[in-house]
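**Q** Numbering (this note's numbering), first residue to last: 9 to 282. Glycine included, each C-beta is placed from N, C-alpha and C at the ideal position.
#1: With a 10 Å radius around its C-beta and 16 neighbouring C-beta atoms as the bar for buried, classify residue 66 as buried or exposed.
#2: Looking only at its chain, what residues have a beta carbon closer than 7 Å to the beta carbon of residue 225, apart from the 5 residues adjacent to it on each side?
#3: Could you tell me the alpha carbon to alpha carbon distance between residue 249 and residue 220, rounded to whole angstroms?
#4: Using a Cβ-Cβ cutoff of less than 6 Å, which residues in the same chain neighbour residue 274 once the five nearest sequence positions on both sides are dropped?
#5: Expressed to the nearest angstrom, what Euclidean distance is found between the alpha-carbon atoms of residue 284 and residue 170?
#6: Check for me: the alpha helix (DSSP H) holding residue 87 runs from which residue to which?
#7: Hey, is the segment 202–221 in contact with the segment 153–164, meaning 3+ C-beta pairs nearer than 8 Å?
#8: Can you give me the Cβ contacts of residue 36 inside the same chain, cut-off strictly under 8 Å, excluding the 5 residues immediately before and after it?
#9: With residue 242 as the anchor, note down where its alpha helix (DSSP H) starts and where it stops.
#10: Would you kindly report the start and end of the unbroken alpha helix (DSSP H) that includes residue 269?
#11: Counting C-beta neighbours from all protein chains within 10 Å, is the total for residue 243 16 or more, i.e. buried, or is it exposed?
#12: Quick check on DSSP: helix, strand or coil for residue 249?
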């Protein structure tokens, strides 16, 4: 006859507990097994690099063959706003898709350390979108300079402001992806997460002008506003009536948004029922 002790839950042995590298492998399998993920990433990268080529070809500043780095030509807002939206959606879907299918319950039962699950998701999302951002940024610069080389107006990577713009454009994707992951954990529903992400990234910054210090402070705390400042390679006009963000402050925005998003996600998932 089976004893009652044999029916009671037994603690997992150290060897049977999921290690963090196992969680990373699991999240990577979930990501790479979706064919739509790779199609979306491929089309996005092509669009971003293509927008840089189109912007460079259409700009008449280089008609005289003058070599000058124009960041909004090499890294056009249309392409990088699209990259920001796709990456925030990718980060959000890595979470809300599991909530929608109920797979998240299976994951949390298998791995009671819910915070570790979120951190593993964040690590995979950050790594994937960092690669996407780096490919997009490098491709934009190389494509733009290839077009300008024919006009004898190409600039090297060592040109002042070029490296900073390239790094800021590359990191825009993982920053937005982690913000999307945080929104996904907090809201859990795809529609609500997408609306909130689009509103926060694109619609909120223009509501705050740079004419007043408090309004400019809110504007400068937004991710896309920080990106715009970081790729800017000219000095602020001292006679301007607007308040300009600092480079160090913009880098801080890049760091604070994903850290806060992931930290809130970890806290919420630990305290809330799945």
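**A** Quick answer:
#1: exposed
#2: none
#3: Unreliable positioning characterises residue 249 in this predicted model, as indicated by a pLDDT of 47, which lies under 50. The coordinate reading is nonetheless provided below. C-alpha separation (whole angstroms): 9 Å.
#4: 123, 126
#5: Any property of residue 284 remains undetermined from this structure, which presents the chain solely from 9 to 282.
#6: 85–109
#7: no
#8: 132
#9: Neither: residue 242 is in no alpha helix (DSSP H) and is coded neither H nor E.
#10: 255–279
#11: exposed
#12: Model confidence at residue 249 stands at a pLDDT of 47, short of 50, so the residue's coordinates are unreliable and nothing is read from them.
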